[in-house]
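Engineer: Take this structure, written in structure tokens, and hold onto it; I'll ask about it next.
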Amino acid sequence: MTMIELTDTNSSKIAAEFVQARTRAGSPAMGMVMTLIIVAPEDDAAEAMAAAKRASREHPSRVLGVILGDARGSAQVNAQVGSGDGWGGETALIRLKGEVVKHAESVVLPLLLPDSPVAIWWPTSAPADPAADPLGALAQRRITDSAAVSRGKSTAMLNQCEVYAPGNTDLSWTRLTPWRALLAAALDQHPLKVTGARVVAERTSPSADLLVAWLTDRLKVDVARGSSDGPGITEVSMDTKEGAIRISRADGRLATFSSPHRPDRPVALKRREVPALLSEELRRLDEDDVYARVAARLVKLRSAR
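Shown next as structure tokens:
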């Protein structure tokens, strides 16, 4: 794919270049299902766009990467626009400088696909309140990643839970999908009353914080939090009158499932990369009721300390 450079441009010229790119690709109708906005600093933009490229194979989208530069000085909009070359739709990487940084939504809004859902992803640092952010307000689905912030990961996760609004989600929650499925299946196999539970993970792990809240909410028991060297979550155990149900994963790839009166067995539980997490989140654009309850529970658990 040849990326067309547009210097000191505007939304109309970027939209016109989308049409030209489709014509050059011989695909006047790309079959795109949504618009994905990515807001990232310059240093993280290339990696974020690469992850979106892999996700776009499952979710053909118009991907708008937005880099917010220095808000001082005169306004300038520069863009790289293209399509094809492994992308499931069209892509534009838009760099904003000067006064326009404070009004990024005015550049992005005219570029949204009509009558299609909009998702926004902050791959590193996110606004304090994504739903109230001018760009976040354009989207039905707002994706953050508290595990990707440079400092204060647990605090960032708590903050996202405190400001939860319908449509918000965090990739720290998405990382728990295989864990939650395994734990639910374990209790289906052993329909025993759980009297207590424990989550062991790296000392700072937003996913572990959410898992503690989820188990507390579902099991109505106290859930202890232990620390390990990781990677990520290394063990979850649930106590019953017949013994512990335990899933332990020391290497981030293969887990051991232990349960009362049955031999241990290996279970695939590989840590997933960001493109897979992003693809999962883009499959559902409605409110995640379970995450909403878990966010509220995490806030309640922290306030009770």
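Just add 11 to wherever you are in the sequence shown, counting from 1, and you've got my numbering. Think of the CB as a built atom: it goes at the ideal place given N, C-alpha and C, for glycine as much as any other residue.
#1: Exposed or buried, ARG257, counting other C-beta atoms within 10 Å across all chains shown (16 or more means buried)?
#2: Drop a sphere of 10 angstroms on the beta-carbon of HIS70, count the other beta-carbons inside from all chains shown, and report buried for 16 or more, exposed for fewer.
#3: In angstroms with no decimal places, state the Cα-to-Cα distance between LEU124 and GLY263.
#4: Compute the distance between the beta-carbons of LEU288 and THR206, then report whether it is under 8 Å.
#5: Apart from the five residues on each side of it in sequence, which residues of its chain come closer than 6 Å, Cβ to Cβ, to VAL285?
#6: Taking a contact to mean a Cβ-Cβ separation below 8 Å, would you say MET45 touches GLY93 in this structure?
#7: Which complete alpha helix (DSSP H) runs does the stretch 182-223 hold, if anything under 4 residues is left out?
#8: To the nearest angstrom, report how far apart ALA103 and ARG68 are at their CA atoms.
#9: Write down the C-beta distance between GLY112 and LEU79 rounded to the nearest angstrom, noting that I regard them as a contact closer than 8 Å.
#10: Is it true that the CB of THR166 sits closer than 8 Å to the CB of ALA133?
#11: Using 8 Å as the threshold, is the stretch 294-309 in touch with the stretch 236-248, meaning 3 or more CB pairs across them?
#12: Determine the closest residue to PRO52 out of ASP81, GLY42 and LYS204, with distance taken between C-alpha atoms.
#13: Considering only DSSP beta bridges, list what ARG282 is partnered with.
#14: Among LEU280, THR267 and GLU173, whose alpha-carbon lies nearest the alpha-carbon of TRP190?
#15: With burial defined as no fewer than 16 other Cβ atoms inside 10 Å of the residue's Cβ, what is the status of ALA11: buried or exposed?
#16: Which value, in whole angstroms, describes the spacing of the CA atoms of ARG162 and ALA137?
#17: In terms of alpha-carbon separation, which member of GLU246, LYS64, SER270 and PRO217 lies closest to SER290?
#18: Tell me whether the beta-carbon of GLU173 lies closer than 8 Å to the beta-carbon of VAL88.
#19: In this structure, how does DSSP classify GLN151 when only helix, strand and coil are distinguished?
#20: GLU298 by DSSP, collapsed to three states: which one?
#21: Give the single residue among GLU28, LEU120, LYS164 and ASP140 whose Cα lies nearest to the Cα of GLU101.
#22: Check each candidate in VAL50, HIS272 and LEU198 and name the one with the smallest Cα separation from ALA150.
#23: Starting from MET249, follow the beta strand (DSSP E) in both directions and report where the run begins and ends.
#24: Could you tell me if ARG153 is buried or exposed, where buried requires 16 or more neighbouring beta carbons within 10 angstroms of its beta carbon?
#25: Can you grab the Cα-Cα spacing for the pair ARG313 / ALA195, in whole Å?
#26: So, helix, strand or coil for ARG260, using DSSP?
#27: Taking 7 Å as the line, does the beta carbon of ALA51 fall inside it for any heavy atom of the ligand COA?
#28: LEU75 and GLU116: beta carbons closer than 8 Å?
#29: Please state if the CB of PRO141 and the CB of HIS5 are separated by a distance shorter than 8 Å.
#30: Are the beta-carbon atoms of LEU221 and SER183 separated by less than 8 Å?
#31: Beta-carbon separation of VAL210 and ALA197 under 8 Å?
#32: Quick check for students: name the residue ranges of the beta strand (DSSP E) that lie wholly in the stretch 106-170, counting only runs of 3 or more.
#33: Just verifying my parser: in three-state terms, what is the DSSP assignment at ALA82?
Structural biologist: So, to answer that:
#1: On the sequence shown, position 246 is the one that residue 257 refers to. Here ARG257 is buried: its Cβ has 16 or more other Cβ atoms, across all protein chains shown, within 10 Å.
#2: Locating residue 70 in the sequence shown gives position 59, where the first residue counts as 1. Here HIS70 is buried. Its C-beta has 16 or more other C-beta atoms within 10 Å.
#3: On the sequence shown, position 113 is the one that residue 124 refers to. On the sequence shown, position 252 is the one that residue 263 refers to. Their backbone Cα atoms lie some 39 Å apart in a straight line.
#4: Walking along the sequence shown from the start, residue 288 turns up at place 277. Walking along the sequence shown from the start, residue 206 turns up at place 195. Cβ distance not < 8 Å, so LEU288 and THR206 don't count as in contact.
#5: Here residue 285 refers to the residue found at position 274 of the sequence shown. So the list reads ALA62, once near-sequence residues are dropped.
#6: Here residue 45 corresponds to residue number 34 of the sequence shown, with the count starting at 1. Here residue 93 corresponds to residue number 82 of the sequence shown, with the count starting at 1. The answer is no: Cβ separation not under 8 Å.
#7: You should have 182-185 and 188-200.
#8: Against the sequence shown, residue 103 aligns to sequence position 92. Against the sequence shown, residue 68 aligns to sequence position 57. The straight-line gap from Cα to Cα measures roughly 16 Å.
#9: Here residue 112 is taken as the residue at index 101 of the sequence shown, counted from 1. Here residue 79 is taken as the residue at index 68 of the sequence shown, counted from 1. Per the sequence shown, residue 112 should be read as Val rather than Gly. Sure, about 5 Å apart at Cβ, within 8 Å.
#10: The residue you call residue 133 lines up with position 122 of the sequence shown. The residue you call residue 166 lines up with position 155 of the sequence shown. A small fix is needed here, since residue 133 is Trp in this sequence, not Ala. TRP133 places its beta carbon 8 Å or farther from that of THR166.
#11: For the pair of segments examined, the stretch 294-309 was found not to touch the stretch 236-248: the number of CB pairs separated by less than 8 Å stays below three.
#12: Within the sequence shown, residue 52 is the residue found at index 41, counting from 1. In this structure, ASP81 is the residue among ASP81, GLY42 and LYS204 with its C-alpha nearest to the C-alpha of PRO52.
#13: As a working note, residue 282 is residue 271 in the sequence shown. Bridge partners of ARG282: none, in fact.
#14: Here residue 190 is taken as the residue at index 179 of the sequence shown, counted from 1. Looking at the Cα atoms, LEU280 is the closest of the given residues.
#15: There is no way to answer for residue 11, as the model of the chain reaches only from 12 to 316.
#16: The residue given as residue 162 occupies position 151 in the sequence shown. The residue given as residue 137 occupies position 126 in the sequence shown. Rounded to the nearest angstrom, the two C-alpha atoms are 13 Å apart.
#17: As a working note, residue 290 is residue 279 in the sequence shown. Nearest in C-alpha terms to SER290, of all of GLU246, LYS64, SER270 and PRO217, is LYS64.
#18: Translated into the one-based positions of the sequence shown, residue 173 becomes position 162. Translated into the one-based positions of the sequence shown, residue 88 becomes position 77. The Cβ atoms of GLU173 and VAL88 do not sit closer than 8 Å to each other.
#19: Numbered from its first residue, the sequence shown carries residue 151 at position 140. Here GLN151 sits in coil by DSSP.
#20: Position 287 of the sequence shown, counted from the start, is the residue given in the question as residue 298. Coil.
#21: By 1-based counting over the sequence shown, the position of residue 101 is 90. For the residues GLU28, LEU120, LYS164 and ASP140, the minimum Cα distance to GLU101 belongs to GLU28.
#22: For the purposes of this step, residue 150 is taken as residue 139 along the sequence shown, with counting starting at 1. It is VAL50.
#23: Taking the first residue of the sequence shown as position 1, residue 249 is located at position 238. Its beta strand (DSSP E) spans residues 244-251.
#24: In the sequence shown, counting from the first residue as 1, residue 153 sits at position 142. With 16 or more other Cβ atoms within 10 Å, it is buried.
#25: In the sequence shown, residue 313 corresponds to position 302, counting from 1. In the sequence shown, residue 195 corresponds to position 184, counting from 1. For ARG313 and ALA195, the distance between alpha carbons rounds to 25 Å.
#26: The residue you call residue 260 lines up with position 249 of the sequence shown. Judged by DSSP in its simplified three-state form, ARG260 adopts coil rather than helix or strand.
#27: As far as ligands go, the structure on display features none, and thus does not contain the ligand COA.
#28: By 1-based counting over the sequence shown, the position of residue 75 is 64. By 1-based counting over the sequence shown, the position of residue 116 is 105. At the C-beta level, LEU75 and GLU116 stay beyond 8 Å of one another.
#29: No answer is possible for residue 5: the residues shown for the chain start at 12 and end at 316.
#30: For this step, residue 221 is matched to residue 210 along the sequence shown. For this step, residue 183 is matched to residue 172 along the sequence shown. Yes; because the gap between Cβ atoms is below 8 Å, this pair is in contact.
#31: Numbered from its first residue, the sequence shown carries residue 210 at position 199. Numbered from its first residue, the sequence shown carries residue 197 at position 186. No, these two residues do not count as a Cβ contact at 8 Å.
#32: For the beta strand (DSSP E) assignment, the uninterrupted runs of no fewer than 3 residues enclosed by the stretch 106-170 are, from N- to C-terminal side, 129-132 and 152-155.
#33: Working through the sequence shown from its first residue, we reach residue 82 at position 71. It is coil, neither helix nor strand.
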